[in-house]
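A quick write-up on the structure given underneath.
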Amino acid sequence: MAKLAKGAQTRAAIVDAALSLAAQEGLDGLSLGMVALAMGMSKSGVFAHFGSREELQCSVVREYHERFEREIFVPALQVPRGLARLLHMATGWMGSTAQPNDASRLYGSLYISGAVEFDDRPGDVRDALSESVRIWMDAMRRAIVQSQTEGQLRSDVAPDQVLFELHGVILSLHYETRFLRGPLALKHAATALRSVLLRYAVHPEREAALIDAALAPCLAAQPDAAAPASVSV
69 MAKLAKGAQT RAAIVDAALS LAAQEGLDGL SLGMVALAMG MSKSGVFAHF GSREELQCSV
129 VREYHERFER EIFVPALQVP RGLARLLHMA TGWMGSTAQP NDASRLYGSL YISGAVEFDD
189 RPGDVRDALS ESVRIWMDAM RRAIVQSQTE GQLRSDVAPD QVLFELHGVI LSLHYETRFL
249 RGPLALKHAA TALRSVLLRY AVHPEREAAL IDAALAPCLA AQPDAAAPAS VSV
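Going by the numbering used here, the first residue of the sequence shown is number 69, and it counts up by one from there.
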């Protein structure tokens with residue numbers, strides 16, 4: 069039993085190290101040798117726990133999803149259903165995308181970077197990624213529908229349309245944060261999210277206070293940057 073427990077601990081430590089590497093190098097950049105080096109193990113030692121690179125990648129996707137649910141989705145369930153819950157989910161996703169968290173390794177959405185790497189590559193890794201994304205998108209869609217049921221968002225707008233626009237905000241945030249290193253990326257995303265939700269709110273003036281309170285930490289997270297230099301044409 070002790071041997072099994074030790075094996076499980078070692079496997080968990082390997083996945084944690086691999087998740088940290090994937091946040092920087094991408095899922096496709098993972099290799100058994102790279103993880104072995106990070107762990108101070110032999111490549112054969114890592115291979116004993118994961119029979120292939122693909123199995124390691126799938127394990128990283130599953131671990132990321134579990135942490136994402138635990139740190140972003142589960143806390144949102146403690147918030148009243150409707151717009152408050154939707155905001156909690158959206159801002160949690162924004163924060164994990166834009167702000168490093170060494171404890172959770174959630175910095176930079178693996179759902180997004182992984183999709184770029186595996187969008188046209190059929191296989192187990194792509195399947196694990198798409199399943200995780202669909203689960204999260206379904207949860208977001210339910211929160212949108214609940215917001216409509218509560219009379220906070222307009223019922224004449226398709227939930228998938230709202231979801232599409234909210235997802236677009238996160239995609240832009242990821243691109244501006246991770247690729248362009250934009251200093252105001254989180255603030256831009258919060259402003260865009262506010263615009264989407266107020267546009268679809270039944271009573272924008274009534275919901276503005278709730279939306280602004282939820283987005284305040286994102287708006288305050290990054291100081292105003294100096295005006296960008298003019299570009300000669």
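For each residue, glycine too, the CB sits at the ideal point set by N, CA and C. For clarity, every value in this text was computed on a predicted model and none was experimentally measured.
**OP:** For L145, name the three-state secondary structure that DSSP assigns.
**Re:** In the structure shown, L145 sits in coil (DSSP, three-state: anything other than H, G, I, E or B).
**OP:** Between the Cα of A281 and those of A144, H156, S110, spot the shortest distance and give me the residue it belongs to.
**Re:** Checked all of A144, H156, S110; the closest Cα to A281 is H156.
Original post:
With a Cβ-Cβ cutoff of 8 Å, do S215 and L154 count as a contact?
Top reply: If you check the CB distance, S215 and L154 come in under 8 Å.
Original post:
What are the uninterrupted segments assigned as beta strand (DSSP E) that are 3 or more residues long and contained completely in the stretch 192-266, given in chain order?
Top reply: For the beta strand (DSSP E) assignment, the stretch 192-266 encloses no uninterrupted run of at least 3 residues.
Original post:
Straight-line CA distance for F304 to Q92?
Top reply: Only positions 69 to 301 of the chain appear in the structure, and residue 304 is not among them; the question remains open.
Original post:
Is it a yes or a no for the stretch 208-228 touching the stretch 265-276, going by three-plus beta-carbon pairs under 8 Å?
Top reply: Verdict: yes, contact present.
Original post:
Can you tell me whether V184 is buried or exposed, with buried defined as 16 or more other CB within 10 angstroms of its CB?
Top reply: Burial check for V184: the Cβ neighbour count within 10 Å stays below 16, so the residue is exposed.
Subject >> Local conformation of A281 per DSSP, three classes >> reply: Of the three classes helix, strand and coil, the one that applies to A281 here is helix, per DSSP.
**OP:** Return the residue from the list H256, D84, W161 that minimises the CA-CA distance to E244.
**Re:** If we check each option's Cα against that of E244, H256 comes out closest.
Original post:
Near V213, which residues of its chain fall below 8 Å by C-beta distance, leaving aside the five closest residues on each side in sequence?
Top reply: So the qualifying residues of the chain are P227.
Subject >> Residue closest to M205, alpha-carbon to alpha-carbon, out of S263, V83, W161 >> reply: When only C-alpha atoms are compared, the closest one is W161.
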